[in-house]
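Asker: Pasting a structure below so you can have a look.
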């Protein structure tokens, strides 16, 4: 009886392995499934001269050669 169960389990595992191998080849690559290409490049960060918070450099308010996170911090002295 135990030999029969062993052979049934072995045949079941072989069938599962063959199925997973055949479906793995038919699946599109990870990037194609989600429609996304390469990740966007990382953006440079800037540090606010007043409060020290880091934020994207494209959002910086520049004054007197320093970067600020907002126009309100331009008027305040550095901490």
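Numbering (the numbering used here), first residue to last: 803 to 881. Beta carbons: idealized from backbone N, C-alpha and C, even for Gly.
Take residue 858 as the anchor and find which of 803, 814, 871, 867 has the nearest alpha-carbon.
Answerer: With distances taken between Cα atoms, residue 858 lies closest to 871.
Asker: From which residue to which residue does the alpha helix (DSSP H) around residue 873 run?
Answerer: Unbroken alpha helix (DSSP H) run through residue 873: 873 to 876.
Asker: In whole angstroms, what is the alpha-carbon distance linking residue 850 and residue 815?
Answerer: Rounded to the nearest angstrom, the two C-alpha atoms are 60 Å apart.
Asker: Identify the residues that DSSP records as bridge partners of residue 868: which are they?
Answerer: Bridge partners of residue 868: 865.
Asker: Along the chain, where does the beta strand (DSSP E) that runs through residue 841 open and close?
Answerer: Segment: none, residue 841 is in no beta strand (DSSP E) and carries neither H nor E.
Asker: Given residue 866, which residues of its chain have a CB within under 7 Å of its CB, disregarding the five upstream and five downstream residues?
Answerer: Excluding residues within five positions, none has a Cβ falling inside 7 Å.
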